[in-house]
Structures are given as C-alpha cells and as structure tokens.
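Trainee: Here's a structure for you.
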Amino acid sequence: MSSPPVRFFTCAFAMQTSLLFLLLVIAFEEEVLSVEDKFSQLPDEKKQELLEAFSRSDVHLVHEKLADLRQKWMEKLKSQSASEDARQPLQRIPERMMMPARTVPAGDGPTVLPIHEINRDANLSEFMYQSDMVLTLAQVEQIGRDSTTGRKKRQAYRDMYYPNTIWDDMVYYYFDPTATNAIKTVFLAAADFWRKHTCIKFEENRNARNKIRVFKGQGCYSYVGRVGGQQDLSLGKGCESVGTAAHELGHALGFFHAQSRVDRDDAIRIMVANIQVG
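Heads up: the sequence shown runs through residues -34 to -1, 1 to 244, numbered per mature numbering (1 follows the signal peptide of the UniProt record, and there is no 0).
Listed below in structure tokens is the structure:
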C-alpha cells in the first residue's frame, strides 16, 4: 500500500486543473514605499487580520521576501520576452479586453468576483503569494531557492519539514463564530467534492491538534498544506461560492496554482506585455 501523501496526490491530481483556475497575477508595485511603510498604512482592522492570518508565519518577513521575488521574476520575464520577440512578436491584448477594475458591491449578499480582485480590493494581495496563499517562512525560502536553481519535476514542495506538511487521510476543521451559514454551506460542499474525488476525509473537530479554522475574513485565502496547529482559511465577502471554497481548500490540502507547475512552459507562453500590474 502506498503512503498517504502518495495516495493523496495520485488521486487528487486529476481534479486540480478544474479548481485551480486563478489568473497569473504578479503584484509588482510601482510605489517606492518600503514593505514596513505599506503595512503601517493599513487600517488597524486589516493589520490585525494579517497578523492573525500569519500567526504560523511572519507577515513582515514574508512580505519583504515576496516583494524581492516579484521584482526578480518580472525582470526575468522581461528578459525572456525580449529574446523571444525576435522570433515571434507578441500581440498585445486590446484595451477593451483587459479586465477592468471592479469592487465588491456593498451589502451582505454573496457576489461572484475573481479571488485576486477580492483580495486586491481588500489590500491583502501583495502580502500573499499569487494573491491568495499565506506562506510560512520555510515555504517562501524554498520558493526563492527554486526560482534560482530550478525546481525538480514534482508538483508539491518538499521543505525540511516534509512529510509533516502533508495531511494524512483525515483533515480536521472547525467553524469560527464569524462563519456565516453561507460560508458553512459552501465549505461543506467543497469538502464533499474533495472527499468524493480524492482519498481525503474531513471531520469537524475544534479540539484536534492540527486543524483548519474556517472564518469570515476580509478576503479569500489559505495556508498551503498542513503547517501544524491551527491554520486559517478565510472566506470573506464575495468568496461564498463552492468553487472559491474548493480552491482555497485545495491550497490547505497542499496544492499551489496550476500556473506554477514545473511543466507550464511546455504548454503556454507568458506574454509579459499583457500582465496587469497590481
């Protein structure tokens, strides 16, 4: 019998592309402000949420490292694009087709917006990896090393704490008092989807040693994999859909975005001129 991590990734891999559909967004800011300045300018409520969300990490260090990585990635992409332009000129997307800036409407009802737009409007995106992933220090360090040396052909990161970063067959969770009925409904439906299509089971247990706290934050985000102890999964306003809940739960189970696959460049070509800033 194969080990739990192998069983999990084997049976879940076929379904990930139907869930991990978030657009490639590189949050490359033009402001000269330091990362500390950006954090200090946030409202107190937003600061508190970020500090709580990064309770298993360090929001300041991760933010600083992500800002540095984004700049390096953008420079690398521009360099690659320049060398490819001579072979096949890129065509810029017409302005009318570019995604316009949108905000979450007022009120309590759910709305359907892309995850990165919700988190951008909530001023959370730049503190997270690819807009909605809360990283531990070990993970952001590993991503930095992989971006320099190149990642081996595997879809899951294995840092120094592996296999403790991978859930066993059972994933425990509980609902925070802030979780609305809508949040509970979509999360349970998302958990049921993963249960039906993978080897993973879910059980509500707030007393479990390792567990996911499902709550209503300001955006849609989650840690990646099991980080140990309690970890947060936020389904804020605009995130109350089964697809979004399944997406964030996929991160909690250990998946990064499909555009981060090691074989991505075998199938697509990044058009740097069409990357939207922010």
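Ideal Cβ placement from N, Cα and C applies to all residues, glycine included.
Using the beta-carbon count (16 or more within 10 Å), is VAL100 buried or exposed?
Mentor: Buried: at least 16 other Cβ atoms inside 10 Å.
Trainee: Apart from the five residues just before and just after GLY183, which ones in its own chain have a Cβ nearer than 6 angstroms to its Cβ?
Mentor: Excluding residues within five positions, the ones whose Cβ falls inside 6 angstroms are GLU15, SER200, GLY202.
Trainee: Got a sec, what are the start and stop residues for the beta strand (DSSP E) LYS162 sits in?
Mentor: Looking at the DSSP string, LYS162 is not in any beta strand (DSSP E); the run it does join, the alpha helix (DSSP H), is 147 to 163.
Trainee: Output the distance between the C-alpha atoms of SER45 and LYS38, rounded to the nearest integer angstrom.
Mentor: Taking the straight line from one Cα to the other gives about 11 angstroms.
Trainee: Since ALA212 and ALA156 are thought to touch, with beta carbons under 8 angstroms apart, how far apart are those beta carbons, to the nearest angstrom?
Mentor: Right, their Cβ atoms sit about 4 angstroms apart.
Trainee: I need the straight-line Cα distance from TYR95 to LEU32, nearest angstrom please.
Mentor: Cα-Cα distance, rounded: 7 angstroms.
Trainee: Here's a check: name, in chain order, each residue in its chain whose Cβ is nearer than 6 angstroms to the Cβ of ALA88, leaving out the five neighbours to either side.
Mentor: Within the same chain, ALA88 has close Cβ partners GLN184, GLY185.
Trainee: Along the chain, where does the beta strand (DSSP E) containing LEU199 start, and where does it finish?
Mentor: Residues 196 to 201.
Trainee: I need the boundaries of the beta strand (DSSP E) containing ARG179, first residue and last residue.
Mentor: Per DSSP, ARG179 belongs to the beta strand (DSSP E) from 177 to 181.
Trainee: Give me the Cα-Cα distance between MET40 and LYS4, rounded to the nearest whole angstrom.
Mentor: Roughly 20 angstroms between the two C-alpha positions.
Trainee: Taking the beta strand (DSSP E) that VAL208 belongs to, which residues open and close that run?
Mentor: Counting along the chain, VAL208 falls outside any beta strand (DSSP E), though it belongs to the alpha helix (DSSP H) covering 208 to 219.
Trainee: How long is the line joining the alpha carbons of LEU103 and GLY191, rounded to whole angstroms?
Mentor: If you take the alpha carbons of LEU103 and GLY191, they lie about 13 angstroms apart.
Trainee: Is residue 245 helix, strand or coil when you go by DSSP?
Mentor: This structure cannot speak to residue 245, because the chain is shown only from -34 to 244.
Trainee: Out of curiosity, what's the CA-to-CA distance linking LYS162 and SER6?
Mentor: So the alpha carbons of these two residues sit roughly 44 angstroms apart.
Trainee: Let's see if you can read the secondary structure: which residues bound the alpha helix (DSSP H) around ARG86?
Mentor: 81 to 87 is the extent of the alpha helix (DSSP H) around ARG86.
Trainee: Taking the DSSP output, what are the residues bridged to SER188?
Mentor: In the DSSP output, where bridge partners are listed per residue, SER188 has MET99, LEU199.
Trainee: PHE168 by DSSP, collapsed to three states: which one?
Mentor: It is a strand residue.
Trainee: Hey, how far is the Cα of GLU(-4) from the Cα of LEU8?
Mentor: Here the model assigns GLU(-4) a pLDDT of 41, short of 50, so the residue's position is not dependable, and the following value carries that caveat. Each residue's Cα considered, the two are about 15 angstroms apart.
Trainee: Where does the unbroken alpha helix (DSSP H) through GLN14 begin, and where does it stop?
Mentor: GLN14 -> alpha helix (DSSP H) spans 10 to 19.
Trainee: With H, G and I counted as helix, E and B as strand and the rest as coil, what does DSSP make of PHE5?
Mentor: In this structure, PHE5 counts as helix in the three-state DSSP scheme.
Trainee: What three-state label does DSSP hand VAL137 in the structure shown?
Mentor: Strand, per DSSP.
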